[in-house]
Each structure stands twice: as C-alpha cells, then as structure tokens.
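A.B. asks: Chains as they are written, first to last, in this note's numbering: chain A, 142 to 250; chain B, 2 to 114. I have a structure here, written as structure tokens, and I will follow up with some questions on it.
Structure, rendered in structure tokens:
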C-alpha cells in the first residue's frame with residue numbers, strides 16, 4: 142500500500158530564508174505528484190504538478206523536484222515571506238491521490 | 002468563474018442523524034472525490050467517482066454514502082452508522098485520466114453536537 146511521508150512535520154524560519162520541504166513515497170509506480178498549500182480552516186490550493194516523466198517544475202519562488210526511482214520529492218521555497226506560512230501537503234497519484242500529513246510552515250517576520 | 006463549491010461551510014449534526022454535504026463543480030470534470038481530514042491524520046479518501054452513475058469506495062467508506070446522478074454534483078451523506086463524524090470534509094475534482102491535476106473545494110466542517 143502506498144504511503145507518503147513528509148518531513149519535517151513543522152518548521153519555523155525567519156523571513157528571507159530559502160527552505161526545503163521533503164516528501165517520500167513507498168511505491169514508485171505513480172502517475173504524478175502534486176504539492177498543495179492549505180491555510181487554516183480552508184481547502185487545498187494546488188501549487189505544482191509534476192508528471193512521473195518529469196524531474197522538476199517551477200512556479201515563481203517555488204521549485205519542486207521529483208526522483209521517482211528513489212521515491213522522493215522536494216519543494217524548494219526561495220526567499221520565504223510571512224505570507225508563505227501555511228501547511229504544505231504532498232500527494233502522489235496512483236488512482237486517486239494519496240496524501241502525506243503535511244509540513245506546517247511558519248515564516249517569522 | 003469556474004471552481005468547486007462545497008456547502009455548507011459549517012454543519013452541526015445531532016447523534017443519530019444523517020446529514021448530506023454538497024459538492025458542485027463547473028469545471029466539466031469527470032472525476033470527483035471526497036476526503037476526510039482529521040488533525041494529525043492527513044487526508045483520507047472516502048469515495049470517488051470517475052464517471053456519472055459510478056463510484057468506488059475509498060479507504061474509509063464505512064458510515065458514508067454517495068451518489069453521482071449528474072456530472073457536476075457529488076453529494077456525500079454521513080449516516081448515523083459513522084461513529085466519529087466530526088472532521089473537515091474536502092471535495093475535489095479532476096479531468097478523467099491518470100495524469101491529471103486535482104482541484105479542491107473550500108471544505109465543510111462537520112461537528113457532532
């Protein structure tokens with residue numbers, strides 16, 4: 142059964158730092174991997190989608206990489222801002238999406 | 002504008018009651034999903050539907066039921082058989098197919114009183 146793990150569970154950084162969030166999955170037979178952002182009490186906002194044949198995707202200050210063979214993805218956030226404070230969720234698609242438990246990020250001004 | 006609408010935003014249920022959560026999308030997506038989110042548990046799949054009049058159970062389907070009579074609608078009923086229904090419920094949709102992106106609604110918070 143596919144399992145998705147996100148490390149760390151929580152992270153607090155000062156404004157301006159570059160940071161990396163990690164996601165690992167146990168079965169490499171995925172169709173794609175998606176990173177989401179969730180603000181407290183809200184739904185999920187899709188940040189980046191990486192197809193299984195791709196190595197990385199970029200959107201603004203965000204860069205996500207995928208190493209399917211090792212079962213790992215990283216989300217890189219450059220020059221973090223207080224507005225980046227949220228929970229970040231990683232999900233892999235086998236049939237429906239399978240989610241990790243998320244990393245709760247706090248960026249301190 | 003296009004999107005996924007969940008209603009209500011907050012819902013209170015008495016013990017022994019059935020309640021129905023609404024999910025409507027105008028994205029013309031074939032596939033729709035229901036997830037449950039509990040603190041520290043991540044999102045868990047309840048039911049999903051790839052096409053009208055067809056749906057499959059997810060990992061935690063017991064105590065829930067769904068219908069898919071229209072492409073744009075996928076309501077979830079939380080029955081009295083669900084012993085611990087207090088949670089945040091999220092609906093999602095995507096274009097049919099394996100390599101497609103999923104989009105989520107804003108969620109419904111259900112509380113048992």
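In this text, a Cβ means the ideal position worked out from N, Cα and C, and glycines have one as well.
Looking at chain B, is there any beta carbon in it that lies within less than 8 Å of the beta carbon of residue 184 of chain A?
C.D. replies: Here residue 184 of chain A is taken as the residue at index 43 of the first chain, counted from 1. Yes - at least one Cβ of chain B is within 8 Å of the one on residue 184 of chain A.
A.B. asks: According to the neighbour-count rule (16 or more other Cβ atoms, all chains shown, within 10 Å of its Cβ), is residue 95 of chain B buried or exposed?
C.D. replies: The residue given as residue 95 of chain B occupies position 94 in the second chain. The residue in question, residue 95 of chain B, is buried, as its Cβ has 16 or more Cβ neighbours within 10 Å.
A.B. asks: So that I know if they touch, is there some Cβ in chain B lying closer than 8 Å to that of residue 201 of chain A?
C.D. replies: Along the first chain, read from residue 1 onward, the residue named residue 201 of chain A stands at position 60. Residue 201 of chain A does not count as touching chain B.
A.B. asks: Under 8 Å between C-beta atoms, does residue 90 of chain B make it to chain A?
C.D. replies: For the purposes of this step, residue 90 of chain B is taken as the residue at position 89 of the second chain. Residue 90 of chain B does not count as touching chain A.
A.B. asks: When DSSP labels each residue in this structure, what does residue 224 of chain A get in the three-state scheme?
C.D. replies: One-based indexing of the first chain puts residue 224 of chain A at position 83. The answer is helix: DSSP assigns residue 224 of chain A an H, G or I state.
A.B. asks: Shorter than 7 Å, the distance from the beta carbon of residue 50 of chain B to the closest heavy atom of the ligand ZN, or not?
C.D. replies: With respect to small molecules bound, the structure shown includes none, and the ligand ZN cannot be examined in it.
A.B. asks: What number of angstroms, rounded off, separates the C-alpha of residue 193 of chain A from the C-alpha of residue 236 of chain A?
C.D. replies: Working through the first chain from its first residue, we reach residue 193 of chain A at position 52. Working through the first chain from its first residue, we reach residue 236 of chain A at position 95. Distance between the alpha carbons of residue 193 of chain A and residue 236 of chain A: 13 Å.
A.B. asks: Tell me whether residue 155 of chain A sits in a helix, a strand or coil according to DSSP, three-state version.
C.D. replies: Counting from one through the first chain, the residue named residue 155 of chain A turns up at place 14. Strand, per DSSP.
A.B. asks: So if DSSP puts residue 32 of chain B in a beta bridge, which residue, or which two residues, is it bridged to?
C.D. replies: Counting from one through the second chain, the residue named residue 32 of chain B turns up at place 31. In DSSP, residue 32 of chain B forms a bridge with B/95.
A.B. asks: Since residue 249 of chain A is in the beta strand (DSSP E), which residue starts that stretch and which ends it?
C.D. replies: Reading the first chain from its first residue, position 108 is the one you call residue 249 of chain A. Run containing residue 249 of chain A: 244-249, per the beta strand (DSSP E) assignment.
A.B. asks: Taking residue 172 of chain A as the query, report the chain B residues whose CB atoms sit under 8 Å from its CB, ordered along the chain.
C.D. replies: By 1-based counting over the first chain, the position of residue 172 of chain A is 31. Correct list: 99, 100.
A.B. asks: Would you kindly check if the distance between the Cβ of residue 19 of chain B and the Cβ of residue 109 of chain B is under 8 Å?
C.D. replies: As a working mapping, residue 109 of chain B is identified with position 108 in the second chain. As a working mapping, residue 19 of chain B is identified with position 18 in the second chain. Not a contact, by the Cβ cut-off of 8 Å.
A.B. asks: Measure from the alpha carbon of residue 158 of chain A to the alpha carbon of each residue in A/203, A/167, A/199, A/212, then state which is nearest.
C.D. replies: Here the question's residue 158 of chain A lines up with position 17 in the first chain. Here the closest residue by C-alpha is A/203.
A.B. asks: I'd like the span of the beta strand (DSSP E) that includes residue 235 of chain A, first residue to last.
C.D. replies: Looking up residue 235 of chain A in the first chain gives position 94. Where residue 235 of chain A is concerned, there is no enclosing beta strand (DSSP E), given that its DSSP letter is neither H nor E.
A.B. asks: Applying a beta-carbon distance threshold of less than 7 Å, which residues of chain A neighbour residue 4 of chain B?
C.D. replies: Within the second chain, residue 4 of chain B is the residue found at index 3, counting from 1. Here the premise fails: no neighbours, minimum Cβ distance about 10 Å.
A.B. asks: Check whether the region 240-247 of chain A touches the region 65-81 of chain B, taking contact to mean three or more Cβ pairs, one atom from each stretch, closer than 8 Å.
C.D. replies: Judged by Cβ distances under 8 Å, the region 240-247 of chain A makes no contact with the region 65-81 of chain B, as fewer than three pairs qualify.
A.B. asks: In chain order, what residues of the same chain lie with their CB nearer than 6 Å to the CB of residue 60 of chain B, ignoring the 5 residues before and after it?
C.D. replies: Residue numbering aside, residue 60 of chain B sits at position 59 when the second chain is read from its first letter. These residues qualify, in order along the chain: 45, 46.
A.B. asks: According to the neighbour-count rule (16 or more other Cβ atoms, all chains shown, within 10 Å of its Cβ), is residue 234 of chain A buried or exposed?
C.D. replies: Taking the first chain and counting its residues from 1, the one referred to as residue 234 of chain A is at position 93. Label assigned to residue 234 of chain A: buried.
A.B. asks: Would you please state the rounded distance, in angstroms, between the beta carbons of residue 241 of chain A and residue 164 of chain A? I believe it to be under 8 Å.
C.D. replies: Within the first chain, the letter at position 100 stands for residue 241 of chain A. Within the first chain, the letter at position 23 stands for residue 164 of chain A. Indeed they touch by this definition, with Cβ atoms about 6 Å apart.
A.B. asks: Check whether the Cβ of residue 64 of chain B lies closer than 8 Å to any Cβ atom in chain A.
C.D. replies: Taking the second chain and counting its residues from 1, one reaches residue 64 of chain B at position 63. No, because no Cβ of chain A sits closer than 8 Å to the Cβ of residue 64 of chain B.
A.B. asks: According to a CB-to-CB cut-off of less than 9 Å, which residues of the region 26-47 of chain B neighbour chain A?
C.D. replies: Per Cβ criterion, the list reads 32, 34, 36, 38, 41, 42, 43, 44, 45, 46.
A.B. asks: How do the region 198-212 of chain A and the region 168-176 of chain A stand: do at least 3 beta-carbon pairs fall below 8 Å, yes or no?
C.D. replies: Enough Cβ pairs lie closer than 8 Å, so yes.
A.B. asks: Which residue comes first and which comes last in the beta strand (DSSP E) that contains residue 14 of chain B?
C.D. replies: For the purposes of this step, residue 14 of chain B is taken as the residue at position 13 of the second chain. Counting along the chain, the beta strand (DSSP E) containing residue 14 of chain B begins and ends at 11-14.
A.B. asks: Within 8 Å (strictly less), CB to CB, does residue 13 of chain B reach chain A?
C.D. replies: For the purposes of this step, residue 13 of chain B is identified with residue 12 of the second chain, where counting begins at 1. Not closer than 8 Å to any Cβ of chain A, the Cβ of residue 13 of chain B fails to qualify, so no.
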